[in-house]
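Visitor: Please see the structure below; I have some questions.
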Amino acid sequence: MIAVLLAVLFGLLALGIPVAAVLAICALVLDHWFSFFPVMPAIGELIWSGSSSFALTAVPLFILTGEILLNSGIAARMFKSIDSWVRVIPGGMLHSIVGSSALFAATSGSSVATAATIGTVSIPQMKPGGYAPPLFLGTIAAGGTLGILIPPSINMIIYGVLAEVSIGRLYLAGMIPGVILALLFSLLIVIITLWQTRAIKIVVPETSWKERISVLPGIVPPIMLFVLMVGSIYLGIATPTEAAALGFLGAVAMTAFNGGLSAAMMMRAFERTIRTTCMVMLIVLCAQVLNFAMVGVGLAEQIRTFVGGIDAPPLVILICIVLAYLVLGCFMESLSLMIATTPIVVPIIIALGYDPVWFGVVFMILIEAALITPPIGMNLFVVQSVRGEGSFNDVARGAAPFVLAMLVMIGLLIAFPGLATWLPSYVRG
Amino acid sequence: MDLIDKIIDKTASLFARIAGMLIVVIAVMVAVDVVARNTSGAVLVQSYELSSYLFAISLSLGMAYVGLSGAHIRLDVVYVRFPHRIRRLLDVLALASLTGVSAFLFYLGFELAVKNFTKGVVSTSHLAIPLATPQFVWVFGLGVFALTSLLLSIRHAAYLLSGRGDAADRIGSINPEKEIEEAIEDANAEGARA
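Those protein sequence lines, which keep their order, are chains A and L. The end of the first sequence is residue 429 by this note's numbering, with every number in the run present. The end of the second sequence is residue 194 by this note's numbering, with every number in the run present.
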């Protein structure tokens, strides 16, 4: 039964059938051939409850916030501010990119939006600064992936709903690994910079303390948004969805204050937000139907028994899963990869005795790797398009070392699970 | 034919805009409740329940727009290696499968709404809203989704049969560039303001 499911799933995906339809077809196949009693009649109820999910309401709120923030100019001011502080480190502006990405990630739930935003404000500085394009562009692509690891995160919300774990706990679990991963990126940049002789040519303008202080207010708006979108959850003021609504209104206020709001811009933002939301939600709804069919035919149970019967340490199976995602991530669009496989992989993880919140963080890092591994890596495409010239290979080559940093991070999480689990257990007592 | 196409496109983007406005309404309602709850402990607008309904309606109203703008995610790693003819056949299958899924959702949703209507089911909250009310609006959106998917399939097939392959490819084939182009456009908007 597992073999049939996997064959249908990956066979139809390879043929270019829309991901949502593939998941629905898989559910129908399971229901038709393996079910003792038809589950279909319950599905109307299921898609209604999935569509009217308060937790998932946060998804369009985050996307719309991202669309509106683009018109606020806060990213450019934040970048300038961070740059004046960190560019003295070997690697110069590359650290500004990592730092800005990490801070922007704290207001953005999407990796693509983070890479596009930071890319636009930083790429014009690449040539004047004398940076080697591959590393510069790779840093943007990799830094952007922090968008889904550092809360808020659209991917975490969807994972939380599908795997039935608390989104608030997932957010907390992602914070420390998010900061450590950003530091690993910076460490990697220092090592590469000291190693490359070309780095000597980097032009790092002097900064005065006066300048540093004067641009400091640039980091205030992102921090305020982070407090609204994430802080409010742990102050006990709001649930994750409510926090998303507060963040959205905050972003609207900031953009209006900067004179960036207009009716035409809002209409465009609405259309795009709805298109992305509905595209994602159709896949989520179909994944929930598949989830339900899998439980209905006893497949989830079968997976658990199967995994329990494998005569190998859980760690070995976990490493196999990690490797499988690294390979799949090269070829599949990352969000649909995540949604399509969550119903299958989470029962395995639980059967192995791992914490699904902890795995959520590992999963986010695997998805981040998927975003920067060619041939299909959304962040690579985005950075290349922002650059608008030169070879795509530059970006892919420059991003490759950062996959190594991600693997190190996954290794750290396996060796020290507390990096992800300590904060959630501490905050919730 | 072209007039009908235009009407469909306009309607779908109008619905998408309405769906977007509903998201803003949700944000405002939710924020009012957060403020009210944390200041006076009262729940003013029952945002939890109402915004769930609005979200469902917003989703169903926006679904048609996804198909019309060709935004459904499909994998193209293997697809691009097929010859042209087979790719077009796969496009037919892709559109047909979407039509199937949308019709399926519409049918199940309709059945549910009718059942809740005849049984007079109300929500288990203070508001005691008859569930069929938001569900019928939701089903209306799903109906529009199913109808536009069907029309899109027919239009695609008609183009193919009349030998206008390029026109067919514009609606049917995988175009991974689209999303990226838009991410750039967005990013440029940011650049322009910086």
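In this text, a Cβ means the ideal position worked out from N, Cα and C, and glycines have one as well.
I'd like the span of the alpha helix (DSSP H) that includes Val59/A, first residue to last.
Guide: As a working note, residue 59/A is residue 59 in the first sequence. Unbroken alpha helix (DSSP H) run through Val59/A: 58-69.
Visitor: Since I believe Arg212/A is in contact with Ser84/A (beta carbons under 8 angstroms), could you give me their beta-carbon distance rounded to a whole number of angstroms?
Guide: What you label residue 84/A is simply residue 84 of the first sequence in a count that begins at 1. What you label residue 212/A is simply residue 212 of the first sequence in a count that begins at 1. With 8 angstroms as the limit, Ser84/A and Arg212/A qualify as a contact, their Cβ atoms being about 5 angstroms apart.
Visitor: Is Val395/A helix, strand or coil when you go by DSSP?
Guide: For the purposes of this step, residue 395/A is taken as the residue at position 395 of the first sequence. In this structure, Val395/A counts as helix in the three-state DSSP scheme.
Visitor: Are there 16 or more other CB atoms within 10 angstroms of the CB of Gly390/A, so buried, or fewer, so exposed?
Guide: If you number the first sequence from 1, residue 390/A lands on position 390. Gly390/A is exposed by the Cβ-count criterion.
Visitor: Shortest alpha-carbon distance to Ile148/A belongs to which of Ala55/A, Pro133/A, Leu172/A, Met1/A?
Guide: Counted from its first residue, the first sequence places residue 148/A at position 148. Closest by alpha carbon: Leu172/A.
Visitor: Can you tell me the Cα-Cα spacing of Cys286/A and Ala300/A, whole angstroms?
Guide: Here the question's residue 286/A lines up with position 286 in the first sequence. Here the question's residue 300/A lines up with position 300 in the first sequence. Each residue's alpha carbon lies about 17 angstroms from the other.
Visitor: Which bits of chain A does Ala132/L rub up against, with CB to CB less than 9 angstroms?
Guide: On the second sequence, position 132 is the one that residue 132/L refers to. In chain order: nothing, as chain A lies at least about 11 angstroms away.
Visitor: DSSP three-state label for Val77/L, please.
Guide: Translated into the one-based positions of the second sequence, residue 77/L becomes position 77. Here Val77/L sits in coil by DSSP.
Visitor: Distance check for Ser149/L and Leu95/L, CA to CA, integer angstroms please.
Guide: Translated into positions along the second sequence, residue 95/L becomes position 95. Translated into positions along the second sequence, residue 149/L becomes position 149. When rounded, the distance between both Cα atoms is 7 angstroms.
Visitor: Which same chain residues end up closer than 6 angstroms to Pro347/A when comparing Cβ atoms and leaving out the 5 residues on each side of it in sequence?
Guide: For the purposes of this step, residue 347/A is taken as the residue at position 347 of the first sequence. Only Ala300, Ile303, Arg304 meet the Cβ criterion.
Visitor: From this set, Glu111/L, Leu127/L, Leu131/L, His126/L, which residue's C-alpha is nearest Gly120/L's C-alpha?
Guide: Counting from 1 along the second sequence, the entry for residue 120/L is found at position 120. Residue Leu131/L is the option with its Cα nearest to Gly120/L.
Visitor: Along chain L, which residues have their Cβ under 7 angstroms away from the Cβ of Gly44/A?
Guide: Residue mapping note: residue 44/A aligns to position 44 of the first sequence, counting from 1. What Gly44/A touches in chain L: Leu108, Gly109, Glu111, Leu112.
Visitor: Could you please give me the residues that DSSP links to Pro130/L through a beta bridge?
Guide: On the second sequence, position 130 is the one that residue 130/L refers to. BP columns for Pro130/L point to Val122/L.
Visitor: For Met409/A, count the other beta carbons within 10 Å of its own beta carbon; 16 or more makes it buried, fewer makes it exposed. Which is it?
Guide: To locate residue 409/A, count along the first sequence from 1; it is residue 409. Classification for Met409/A: buried.
Visitor: Which residue from Asn379/A, Glu67/A, Ala370/A, Gln288/A puts its Cα closest to that of Ala27/A?
Guide: Locating residue 27/A in the first sequence gives position 27, where the first residue counts as 1. The residue with the shortest Cα to Cα distance from Ala27/A is Gln288/A.
Visitor: So for His32/A, helix, strand or coil by DSSP?
Guide: Translated into the one-based positions of the first sequence, residue 32/A becomes position 32. The answer is helix: DSSP assigns His32/A an H, G or I state.
Visitor: Between the beta-carbon of Ala146/L and the beta-carbon of Ala113/L, is there less than 7 angstroms?
Guide: Indexing the second sequence from 1 puts residue 146/L at position 146. Indexing the second sequence from 1 puts residue 113/L at position 113. Contact flag unset, no.
Visitor: Is Leu352/A closer than 7 angstroms to Pro314/A when the C-beta atoms are compared?
Guide: Locating residue 314/A in the first sequence gives position 314, where the first residue counts as 1. Locating residue 352/A in the first sequence gives position 352, where the first residue counts as 1. Yes, these two residues count as a Cβ contact at 7 angstroms.
Visitor: Any C-beta of chain A sitting closer than 7 angstroms to the C-beta of Ile23/L?
Guide: Residue 23/L sits at position 23 when you count from the first residue of the second sequence. It does; some Cβ of chain A falls within 7 angstroms.
Visitor: Measuring alpha carbon to alpha carbon, tell me which residue in Ser40/L, His84/L, Lys6/L is nearest Ser173/L.
Guide: As a working note, residue 173/L is residue 173 in the second sequence. It is His84/L.
Visitor: What is the DSSP secondary structure of Ala194/L, reduced to helix, strand or coil?
Guide: Reading the second sequence from its first residue, position 194 is the one you call residue 194/L. Confidence in Ala194/L is poor, its pLDDT being 42 and thus under 50, which makes the residue's placement unreliable; the coordinate value appears in the next sentence. Three-state DSSP puts Ala194/L in coil, outside helix and strand.
Visitor: Are the Cβ atoms of Asn291/A and Pro343/A separated by less than 7 angstroms?
Guide: Residue 291/A sits at position 291 when you count from the first residue of the first sequence. Residue 343/A sits at position 343 when you count from the first residue of the first sequence. Result yes, Cβ atoms of Asn291/A and Pro343/A sit closer than 7 angstroms.
Visitor: Mark Pro18/A as exposed unless 16 or more other C-beta atoms lie within 10 angstroms of its C-beta, in which case mark it buried.
Guide: Walking along the first sequence from the start, residue 18/A turns up at place 18. Buried, since its Cβ has 16 or more Cβ neighbours within 10 Å.
Visitor: Show which residues of chain L have a CB atom less than 7 angstroms away from the CB atom of Cys26/A.
Guide: On the first sequence, position 26 is the one that residue 26/A refers to. Simply none; closest approach about 12 angstroms.
Visitor: Is the Cβ of Ser391/A closer than 7 angstroms to any Cβ of chain L?
Guide: The residue labelled residue 391/A in the question sits at position 391 within the first sequence. Closer than 7 angstroms: no.
Visitor: Inspect the beta-carbon positions of Val43/L and Met29/L and report whether they are closer than 7 angstroms.
Guide: Sequence index remark: in the second sequence, residue 43/L carries index 43 (1-based). Sequence index remark: in the second sequence, residue 29/L carries index 29 (1-based). No, they are not a contact pair.
Visitor: What are the start and end residues of the alpha helix (DSSP H) that includes Ile74/A?
Guide: As a position in the first sequence, residue 74/A is number 74, starting the count at 1. That run of the alpha helix (DSSP H) goes 74-86.
Visitor: At what residue ranges does the segment 208-276 of chain A contain a whole run of the alpha helix (DSSP H), taking only runs of 4 or more?
Guide: As far as the segment 208-276 of chain A is concerned, its whole alpha helix (DSSP H) runs of at least 4 residues are 209-215, 220-226, 240-257.
Visitor: Taking Thr421/A as part of the alpha helix (DSSP H), name the residues at either end of that continuous run.
Guide: Counting from one through the first sequence, the residue named residue 421/A turns up at place 421. Note, Thr421/A: alpha helix (DSSP H), 418-427.
Visitor: For chain A, find out if any of its Cβ atoms is closer than 7 angstroms to the Cβ of Ala31/L; answer yes or no.
Guide: Translated into the one-based positions of the second sequence, residue 31/L becomes position 31. True, the Cβ-Cβ gap to chain A drops below 7 angstroms.
Visitor: Glu164/A by DSSP, collapsed to three states: which one?
Guide: Mapped onto the first sequence, residue 164/A falls at position 164. In the structure shown, Glu164/A sits in coil (DSSP, three-state: anything other than H, G, I, E or B).
Visitor: Grab me the residues of Leu61/L's own chain with a C-beta within less than 7 angstroms of its C-beta, minus the 5 sequence neighbours each way, in chain order.
Guide: For the purposes of this step, residue 61/L is taken as residue 61 along the second sequence, with counting starting at 1. Hits under 7 angstroms: Phe15, Ile18, Ala19, Gly141.
Visitor: Compare the beta carbon distance of Val252/A and Ile68/A with 7 angstroms and say whether it is the shorter of the two.
Guide: Indexing the first sequence from 1 puts residue 252/A at position 252. Indexing the first sequence from 1 puts residue 68/A at position 68. Result yes, Cβ atoms of Val252/A and Ile68/A sit closer than 7 angstroms.
Visitor: Here's a check: name, in chain order, each residue in its chain whose Cβ is nearer than 7 angstroms to the Cβ of Phe359/A, leaving out the five neighbours to either side.
Guide: Here residue 359/A refers to the residue found at position 359 of the first sequence. So the list reads Ile349, once near-sequence residues are dropped.
Visitor: Do you know offhand how far Asn258/A's Cα is from Phe136/L's?
Guide: The count along the first sequence starts at 1 and reaches residue 258/A at position 258. The count along the second sequence starts at 1 and reaches residue 136/L at position 136. Roughly 41 angstroms between the two C-alpha positions.
Visitor: Which same chain residues end up closer than 6 angstroms to Ala56/L when comparing Cβ atoms and leaving out the 5 residues on each side of it in sequence?
Guide: For the purposes of this step, residue 56/L is taken as residue 56 along the second sequence, with counting starting at 1. Here the set comprises Trp138.
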